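Trainee: Provided herewith is a single structure, encoded as structure tokens, for subsequent inquiry.
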Amino acid sequence: MDPVLKHHGRTCKEAKQRFDPEFSYMVFDRHVSTGEKEEFSVIYDILSSFAKGTTEMEICRDDTKEKYSLIVKATPNDIDIMVNKFLDQELQDRFNYCVYSAFDI
């Protein structure tokens with residue numbers, strides 16, 4: 138399944154409150170300077186290699202508007218593959234990311 142990017146304009150807090158417990162999530166945070174656009178293209182590129190497990194993506198903003206987050210919703214069976222793929226990348230200087238899992242990792 139191809140990933141679907143949604144723009145709801147929700148805050149990160151609102152988006153996280155809507156997490157479905159039957160799915161797992163990866164959340165990528167990026168601090169954005171004034172006038173700078175949120176940029177997640179490197180994440181999209183990595184996800185395209187195994188997009189079958191990605192059901193939807195959403196970009197949301199922090200309440201302070203200094204941070205944007207990309208939330209990736211995935212099936213529980215695919216989240217470990219996704220986590221391993223991102224651990225192999227050197228993204229620490231550009232993004233913070235965490236996993237919310239439907240099961241214990």
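In my numbering, the protein residues as written are 138 to 242.
Every residue gets a Cβ at the ideal spot worked out from N, C-alpha and C, and that includes glycine.
Note that the coordinates shown come from a computational prediction; the quantities given were computed from them, not determined experimentally.
Skipping 5 residues on each side, what residues in its chain have a beta carbon closer than 6 Å to that of residue 164?
Mentor: Within the same chain, residue 164 has close Cβ partners 206, 208, 235.
Trainee: When every heavy atom of the ligand ADP is checked, does at least one fall within less than 8 Å of the C-beta of residue 238?
Mentor: The model on display carries no ligand, and the ligand ADP is accordingly not part of it.
Trainee: Taking 6 Å as the limit between beta carbons, can you name the residues of its chain near residue 177, skipping five residues before and five after?
Mentor: Contacts found: 207.
Trainee: Considering only C-alpha positions, which residue in the set 147, 212, 226 is nearest to residue 237?
Mentor: The option with the nearest alpha carbon to residue 237 is 212.
Trainee: Please classify residue 184: does DSSP put it in a helix, a strand, or coil?
Mentor: Helix.
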